[in-house]
Amino acid sequence: MDIETPKTTDNALEAKRSLAFSDDDSVEITISPNGGACFGVVRAIKLGQMAANKGKTNQNAVYSFGAIVHNPKTIRELEAQGVMTVDEPAAVEGGTVILRSHGVRQEIEKDFKDRGIQVVDATCPLVKKPQKIAASLASRGYYLVLVGDANHPEVKGVLSYFGGHNYLVTYQAADLEKIPSEVQKVGVVAQTTIEVKVLNAIVEACQKRFSDVAVYNTICDATSIRQEEAEVLAKKADVLVVVGGKNSSNTNKLVKICKQYQPNTHLIEEIDELQNDWFLGKKKIGVTGGASTPQEYVDAVGEKIAEIMSSHISF
Numbered sequence: 027m028d029i030e031t032p033k034t035t036d037n038a039l040e041a042k043r044s045l046a047f048s049d050d051d052s053v054e055i056t057i058s059p060n061g062g063a064c065f066g067v068v069r070a071i072k073l074g075q076m077a078a079n080k081g082k083t084n085q086n087a088v089y090s091f092g093a094i095v096h097n098p099k100t101i102r103e104l105e106a107q108g109v110m111t112v113d114e115p116a117a118v119e120g121g122t123v124i125l126r127s128h129g130v131r132q133e134i135e136k137d138f139k140d141r142g143i144q145v146v147d148a149t150c151p152l153v154k155k156p157q158k159i160a161a162s163l164a165s166r167g168y169y170l171v172l173v174g175d176a177n178h179p180e181v182k183g184v185l186s187y188f189g190g191h192n193y194l195v196t197y198q199a200a201d202l203e204k205i206p207s208e209v210q211k212v213g214v215v216a217q218t219t220i221e222v223k224v225l226n227a228i229v230e231a232c233q234k235r236f237s238d239v240a241v242y243n244t245i246c247d248a249t250s251i252r253q254e255e256a257e258v259l260a261k262k263a264d265v266l267v268v269v270g271g272k273n274s275s276n277t278n279k280l281v282k283i284c285k286q287y288q289p290n291t292h293l294i295e296e297i298d299e300l301q302n303d304w305f306l307g308k309k310k311i312g313v314t315g316g317a318s319t320p321q322e323y324v325d326a327v328g329e330k331i332a333e334i335m336s337s338h339i340s341f
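According to my numbering, the stretch in the sequence shown is residues 27 to 341, in order.
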């Protein structure tokens, strides 16, 4: 797949969307084809902008419960449009509240509705899938093994739909030893942004120990595709730049994957974090972006790197 992006400088170098580098020693800046925001993030941002515009028209307060997406630049832009980000339900006193793309605990959404607050549900449809599965597993008496980060809002939301205490949240197969010995029915569900190999390792360990293992691969395709592309670029590039929120789970997974193959991997949130010396003497530059990062941000970083590299070489 080779999707060209328009060049925005007068220099001969340009950034392009591709997974390929040429075999010669030319200087190239290549952006992963799908690097940047997934459809769930694009949807959430649009819903946030619509709510902000409606709030201005109706002169109503507009809140986002938690960061609508894990990208600080996007949050600042929405706040400039009047969207107030809050972390406590009580801080929403009226008007409209946007439920973040990662979802919220079931009881929080109910509280908003019970208080007559207008709810804009920006939860990614793919995040709703593990929520529904967790509820189903609870009703069928399964012990839940949730592969993910216990502190992540998506995981907290999924657990609220499970509703019980018979669960384990982990990244490590060794943690399965914490499950009581009498348990034989386990349901495995994944946080949507984890690495596939992490889920596979835990599933394999569960199948060796438990007699009844219900497996649900709820990793979203957008996450898997971006991870696969990041690995391909990291294996080929001299330098890899990942664009995204430093508080973003999926972005940090991309950094982890890239560093396994290219130690010269750098995570940035803003263009001005780019450092010229990262690129001195380098030829093949790879760029990718987390699923919470608008694609235009990723493209702008590629274009800026083209400017930097053009200053290093003579045409």
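Note that beta-carbon positions come from the ideal geometry of N, C-alpha and C, so glycine has one too.
Open item on the list: Between Lys223, Gln198, Ser237 and Ala148, which has its C-alpha nearest Ser207's C-alpha?
Closed with: On the sequence shown, position 181 is the one that residue 207 refers to. For the residues Lys223, Gln198, Ser237 and Ala148, the minimum Cα distance to Ser207 belongs to Ser237.
| request: Out of Lys99, Gly270, Gly121 and Cys64, point me to the one whose CA is closest to Thr83's CA. | output: Here residue 83 refers to the residue found at position 57 of the sequence shown. Thr83 has its Cα closest to that of Gly121, out of Lys99, Gly270, Gly121 and Cys64.
Would Val181 pass as a contact of Gly174 if the rule is Cβ separation under 9 Å?
Position 155 of the sequence shown, counted from the start, is the residue given in the question as residue 181. Position 148 of the sequence shown, counted from the start, is the residue given in the question as residue 174. Judged by their CB atoms, Val181 and Gly174 are nearer to each other than the 9 Å cut-off.
Self-check item: Top-ranked residue by Cα proximity to Asn226, from Tyr193, Thr244 and His191
Solution: Here residue 226 refers to the residue found at position 200 when the sequence shown is read from its first residue. That would be Thr244, whose Cα lies nearest to the Cα of Asn226.
What whole-angstrom Cβ distance do Gly61 and Val215 have, given they're in contact under 8 Å? Residue mapping note: residue 61 aligns to position 35 of the sequence shown, counting from 1. Residue mapping note: residue 215 aligns to position 189 of the sequence shown, counting from 1. Not really, about 27 Å apart at Cβ, beyond 8 Å.
Taking all protein chains shown into account, decide if Met335 is buried (16 or more other Cβ within 10 angstroms of its Cβ) or exposed.
As a first step, residue 335 must be located in the sequence shown, where it is residue number 309. The residue in question, Met335, is buried, as its Cβ has 16 or more Cβ neighbours within 10 Å.
Notebook entry, point to check: Whole-angstrom Cβ separation of Ser165 and Thr149, contact assumed at under 8 Å?
Noted result: Here the question's residue 165 lines up with position 139 in the sequence shown. Here the question's residue 149 lines up with position 123 in the sequence shown. The pair is not a contact, with the Cβ atoms about 21 Å apart (cut-off 8 Å).
- So the alpha helix (DSSP H) Tyr323 belongs to, where does it begin and stop? Sequence index remark: in the sequence shown, residue 323 carries index 297 (1-based). Start and end: Gln321 to His338.
- Under 9 Å between the Cβ atoms of Gly92 and Val130? Position 66 of the sequence shown, counted from the start, is the residue given in the question as residue 92. Position 104 of the sequence shown, counted from the start, is the residue given in the question as residue 130. Cβ distance < 9 Å, so Gly92 and Val130 count as in contact.
What residues are listed by DSSP as bridge partners for Tyr193? Position 167 of the sequence shown, counting from 1, holds the residue named residue 193. DSSP output for Tyr193 lists Leu170 as bridge partner(s).
Length of the line joining the Cα atoms of Val145 and Tyr187
Within the sequence shown, residue 145 is the residue found at index 119, counting from 1. Within the sequence shown, residue 187 is the residue found at index 161, counting from 1. C-alpha separation (whole angstroms): 18 Å.
Minimum length 3: unbroken beta strand (DSSP E) runs contained in the region 258-308 | 265-269 and 291-294
Give the secondary structure of Leu125 by DSSP, where H, G and I count as helix, E and B as strand, and everything else as coil. As a working mapping, residue 125 is identified with position 99 in the sequence shown. Three-state DSSP puts Leu125 in a strand.
(Q) Give me the residue from Glu299, Lys309, Pro320 and Leu73 with the minimum Cα distance to Asp51. (A) As a working mapping, residue 51 is identified with position 25 in the sequence shown. Here the closest residue by C-alpha is Lys309.
Q. CA-CA distance, Leu300 and Glu105?
A. The residue given as residue 300 occupies position 274 in the sequence shown. The residue given as residue 105 occupies position 79 in the sequence shown. The alpha-carbon atoms of Leu300 and Glu105 are separated by roughly 25 Å.
Check your understanding: With which residues is Phe91 paired in a DSSP beta bridge?
Key -> The sequence position of residue 91 within the sequence shown is 65, counting from 1. Paired residue(s): Val112 and Leu125.
Rounded distance between the beta-carbons of Thr249 and Thr219, thought under 8 Å:
Residue 219 sits at position 193 when you count from the first residue of the sequence shown. Residue 249 sits at position 223 when you count from the first residue of the sequence shown. That pair is a contact at about 5 Å.
Just checking: is the beta-carbon of Ser165 within a distance shorter than 9 Å of some beta-carbon in chain D?
The structure shown contains no chain D, having only a single protein chain.
Q.
Less than 9 Å between the C-beta atoms of Gln107 and Asn86, yes or no?
A. In the sequence shown, the residue the question calls residue 107 occupies position 81. In the sequence shown, the residue the question calls residue 86 occupies position 60. Not closer than 9 Å, so no.
Query raised in the report: Applying the criterion that 16 or more other CB atoms from any shown protein chain within 10 Å of the CB defines a buried residue, is Asp140 buried or exposed?
Result: Here residue 140 corresponds to residue number 114 of the sequence shown, with the count starting at 1. Counting Cβ neighbours within 10 Å, Asp140 comes out exposed, since fewer than 16 surround it.
Quick check on the DSSP output: the beta strand (DSSP E) that includes Ser44 runs from which residue to which? Translated into the one-based positions of the sequence shown, residue 44 becomes position 18. It spans Ala41 to Ser44 - the beta strand (DSSP E) in which Ser44 sits, taken as one unbroken run.
query = What do you reckon, are the CB atoms on Cys284 and Glu322 nearer than 9 Å?
reply = Position 258 of the sequence shown, counted from the start, is the residue given in the question as residue 284. Position 296 of the sequence shown, counted from the start, is the residue given in the question as residue 322. Result no, Cβ atoms of Cys284 and Glu322 do not sit closer than 9 Å.
* To do: With DSSP as the reference, label Ile57 as helix, strand or coil.
  => Along the sequence shown, one-based indexing puts residue 57 at 31. In this structure, Ile57 counts as strand in the three-state DSSP scheme.
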